[in-house]
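First up is the structure itself, then whatever we jot down about it.
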Ligand code: SF4
Ligand code: SF4
């Protein structure tokens with residue numbers, strides 16, 4: 530068995546996960562997405578479909594969505610793995626959330642691989658949330 534050097538320090542490394550796949554094709558792998566965000570997107574898609582059926586103009590639909598946004602966003606973090614983290618503004622975020630993806634859904638970094646790329650700014654999760 531070959532022992533690999535730790536992947537920490539790689540530009541694709543975040544909290545023990547590998548972000549390589551996501552970085553080459555952002556948003557392509559739906560299974561990486563945060564389930565809460567995905568639910569929100571589904572609501573938005575549903576809203577757009579209804580707007581089309583009702584014959585609303587883009588402007589009208591935009592105004593209605595804006596008014597309902599707060600309500601739409603208020604779906605809570607309905608996820609068993611949600612781990613609260615407060616940002617500077619006092620808002621509750623999820624510790625595992627990162628630019629639309631869930632770090633828990635990303636593959637684990639098995640150690641330094643051929644894609645290892647040294648970075649002075651290793652991606653860290655939500656600032657200092659992770660040790
Ligand atoms: S753990 Fe957090 S980031 Fe991951 S799916 Fe759940 S709410 Fe989204
Ligand atoms: S070392 Fe390889 S597996 Fe680990 S984070 Fe970097 S690219 Fe991904």
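Residue numbers (the numbering used here): 530 to 660.
Backbone N, C-alpha and C define an ideal beta-carbon position, used for all residues, glycine too.
DSSP, read as helix, strand or coil, puts residue 622 in strand. Taking a 10 Å sphere around the C-beta of residue 557, we find fewer than 16 other C-beta atoms and assign the residue as exposed.
DSSP places residue 614 outside any alpha helix (DSSP H); the residue lies instead in the beta strand (DSSP E), whose first and last residues are 613-615. Note on residue 613: under 16 other CB atoms within 10 angstroms of its CB, so exposed under the neighbour-count rule. Residue pairing by DSSP puts residue 543 in a beta bridge opposite 546.
Summarising the contact set, residues whose Cβ lies nearer than 6 Å to any heavy atom of ligand 1 are, in chain order, 563, 564, 565, 606, 608, 610, 611, 623, 625, 626, 631 and 633.
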